[in-house]
Amino acid sequence: MSADKPLLKSNKKQNYGATSSSKASAAEDVSDINSIDNLPETVSTSPNNGSLPPDQMKSTLSFTQKIGFGLGHIYNDLCAGVWFSYTLLFMQGALLIPSAEAGALVMVGQVGDALATPIIGVLADKFGTKRKWHIAGTGLVFLTFPLIFSICPWCKTAPFWWTPTYFATVILLFQVGWATVQITHLAMIPELSRTPKDRSDLTAMRYSASVTSNVIVFIVTWLVLKSRAHSSTNIGPADAYRFRDVSLILTLVGISMTVCFHFSLSVSGYSLLRQQALDRNQRHRRLSDTRDLIDRPNGSADAASSPRQQKNFLKSPLLYQNAFLYVFARLFMTTALIYIPLWLDERTGANESKSDFGIGGETAADKSVEHIATVPLVSFLSSFLASMAMKSSHRIGHQVSYLVGSIVGISACVWVALAAPPTASSIRLYAIAILFGSGSSVTMISSLCITADMIGRHADQSGFIYSAVTFADKLITGVVVVVIETLKCDTRSECPEYYKNVLAYACGTASILGLFILLTLQCTKRTTPRQVVAT
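359 is the number that UniProt numbering gives to position 359 of the sequence shown; each next residue is one higher, with no gaps.
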């Protein structure tokens, strides 16, 4: 229905909608609401209003408030950086947990995160405040994250089932706490912001804090691993305390930032801002309901057609093709993030026999161990730079960008498979890292843009779509990790280049499948009737 329809209808149509008395009452409600709703977030009723009023383009938050908000997710970002990059390396190398068991523990964490996210989102909306949930989630992460990267107590004397049960419990609790912090921190954005400019600035600050956190993770890991004795080669039980130190250092940094975050909320008057946001939402909801009552005399017909439109949209193959585009892009990124450190550690064993010392008395094996931190750092920085370059991707189109990113990722996989021997130079390793980082970033961002374009007017279903896609992504990633670790040889000597092949073929397969889905997407768009796609 058009928003510029007359407010009052003729008596001929009253049987299909509201009565004249209810319309008059609703009109009075609109007048009352408009008289008190003088905040900058007034909602425009014009459907064709493509630009925002000047007051909507202004920020109502100070720079200090924005910085304070960005600190609230740093601990989560620090933990995530270690979780994806070093969990398998720590469990297999330092704790000597079998590969299949370590992969299953990672899958438990992925599935736990996927299940906890929507549940906590519902509970946080119904009970308590976002700030209290954030504190509770941070406390849970604080108690469990260091335990994941510590030696299991009583494991040497306990039954065989104690180790997997202990770590599975700790990991599940950690993922619940992590999801709680993530959701509540995101949910604070509409509570703290009054204009779209505020929301944009807070989101940008959150992303900048995430970038900084990942850089801190790799720098701290590099400094800790750099202190290893020259006589050691692969990551082993003697390095268990180093991973514990990394987790404790990052916990100290993360908790400090979280304390500063909550202090900034107190100083900025979060409780008042939250209450104002609730009042505005209630007034706008009431305004929307009364205008619907006035503007839609045949609202029953619209209500009947809405489920039919939703059903047609959910039946569209474009929905699932776009979902798989995201899943394969995410699978490429996560697989590379997990297995690059394991591949680098694998190379360290191949360099063990080298006794030639370089500058400062460092052997090739010593440099390979340091690569476990520096190469992922280079990969991450390249992904960040690629994401900045993606701002101009609209000039060539999101699908072309996805194609380019996939080709870059496949090039990295081919390089690893054919031209990355154990004696490869640092420059070659960093070049491979740049290709992995930039390729994964471009495909990820492009897939999200393609999905957003596809959703279009179905914004009311976007929450379901994104939650379903995210759940599928985490579940598939966990299954892939379990399969890879189950197929691994019992000893490294039986398959000395196993993780090299994983990085080359698993990531390459994900990119190729993404390209295949992109091709079928083009075919579907050409054969699907326009009215079904646009429904």
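Glycine included, each C-beta is placed from N, C-alpha and C at the ideal position.
### Query
On the three-pair Cβ rule with 8 Å, is the segment 329-336 touching the segment 185-198?
no
### Task
In the DSSP assignment, find the alpha helix (DSSP H) that holds MET205 and state where it starts and stops.
196-226
### Query
Of all the alpha helix (DSSP H) runs that stay within the bounds of the segment 90-119, which reach a length of 4 or more residues?
none
### Task
Please determine, among PHE63, THR470, ALA504 and LYS500, the residue with the shortest C-alpha to C-alpha distance to SER264.
PHE63
### Query
Looking at C-beta atoms only, is the number of pairs between the segment 488-500 and the segment 401-408 that lie closer than 8 Å three or more?
no
### Query
Do the segment 426-440 and the segment 515-525 meet, that is, are 3 or more Cβ pairs less than 8 Å apart?
no
### Message
Report the CB separation of PRO146 from LEU248 in whole angstroms; it is logged as a contact under 8 Å.
### Response
6 Å
### Task
Mark THR486 as exposed unless 16 or more other C-beta atoms lie within 10 angstroms of its C-beta, in which case mark it buried.
exposed
### Query
Contact check, ILE171 vs LEU105 under 8 Å by CB: the rounded distance?
6 Å
#### Entry: Pairwise C-alpha distance: ILE67 and GLU494
51 Å
### Task
Work out the CA separation of LYS197 and LEU39 for me, nearest whole Å.
Note that LEU39 has pLDDT 39, beneath the 50 cutoff, so the model's placement of it is unreliable and the number below is only indicative. Taking the straight line from one Cα to the other gives about 15 Å.
### Message
Less than 7 Å between CB atoms is the rule here; does LEU429 satisfy it with respect to chain B?
### Response
This model lacks chain B altogether, as it is built from one protein chain only.
### Query
Taking C-alpha atoms, which residue in GLY139, ALA472, SER99 and GLN92 lies nearest to VAL482?
SER99
### Query
Which two residues bound the contiguous alpha helix (DSSP H) that contains SER266?
240-267
### Task
Evaluate the contact criterion for the segment 207-217 versus the segment 70-86: three or more CB pairs, one atom per stretch, below 8 Å.
yes
### Message
Any heavy atom of the ligand ZN closer than 6 Å to the beta-carbon of TYR430?
### Response
Within the structure as shown, the ligand ZN is missing, as the structure has no ligands at all.
### Query
Looking only at C-alpha atoms, which of GLN182, GLY70 and LEU325 sits nearest to ILE450?
LEU325
### Message
Assuming TYR166 is part of the alpha helix (DSSP H), what are its boundary residues?
### Response
162-192
### Inter-stretch contact at 8 Å, needing at least 3 Cβ pairs: the segment 130-150 / the segment 496-515
no
### Message
For the alpha helix (DSSP H) containing LEU140, name the first residue and the last one.
### Response
130-148
### Message
Please identify the residue among THR180, LYS126, ALA158 and THR163 whose C-alpha is closest to the C-alpha of ALA114.
### Response
THR180
### Task
Specify, as a first and last residue, the run of the alpha helix (DSSP H) that THR64 falls within.
63-70
### Query
Whole-angstrom Cβ separation of ILE340 and LEU503, contact assumed at under 8 Å?
7 Å
### Query
Roughly how far, in whole angstroms, is the beta-carbon of PHE69 from the beta-carbon of MET205, given that I think they are within contact range, below 8 Å?
6 Å
### Query
In its own chain, which residues sit with a C-beta less than 6 Å from the C-beta of ALA301, not counting the 5 before and 5 after it?
Its pLDDT being 46, under 50, ALA301 is placed unreliably in this model, and the value from its coordinates should be taken loosely. Closer than 6 Å at Cβ, skipping near neighbours: no residue.
### Query
What separation, rounded to the nearest whole angstrom, lies between the Cα atoms of VAL369 and GLY397?
41 Å
### Query
Can the beta-carbon of PHE218 be found less than 7 Å from the beta-carbon of LEU377?
yes
### Task
Go through its chain and collect everything with a Cβ distance to ASN234's Cβ below 7 Å, but skip five positions before and after it.
GLY93, ASP345, THR348 and GLY349
### Message
Restricting to runs no shorter than 4 residues, where is the alpha helix (DSSP H) found entirely within the segment 455-515?
### Response
462-486 and 498-501
#### Entry: Beta-carbon contacts of GLY81 that lie in its chain and below 7 Å, excluding the five residues immediately before and after
SER213, ASN214 and VAL217
### Message
Can you list, in chain order, the residues of its chain with a C-beta nearer than 6 Å to that of LEU95? Leave out the 5 residues immediately preceding and following it.
### Response
none
### Message
Please tell me whether LEU140 and MET257 are closer than 7 Å, where the distance is taken between their beta carbons.
### Response
no
### Query
For TYR166, which residues of its own chain have a beta-carbon under 6 Å away from its beta-carbon, when the five flanking residues on both sides are left out?
CYS152
### Query
Going by other Cβ atoms of all chains shown within 10 Å of its Cβ, with 16 needed for buried, is VAL416 buried or exposed?
buried
### Message
Could you tell me the alpha carbon to alpha carbon distance between LEU342 and ILE119, rounded to whole angstroms?
### Response
33 Å
### Message
Which of the three DSSP states is assigned to THR60 in this structure?
### Response
coil
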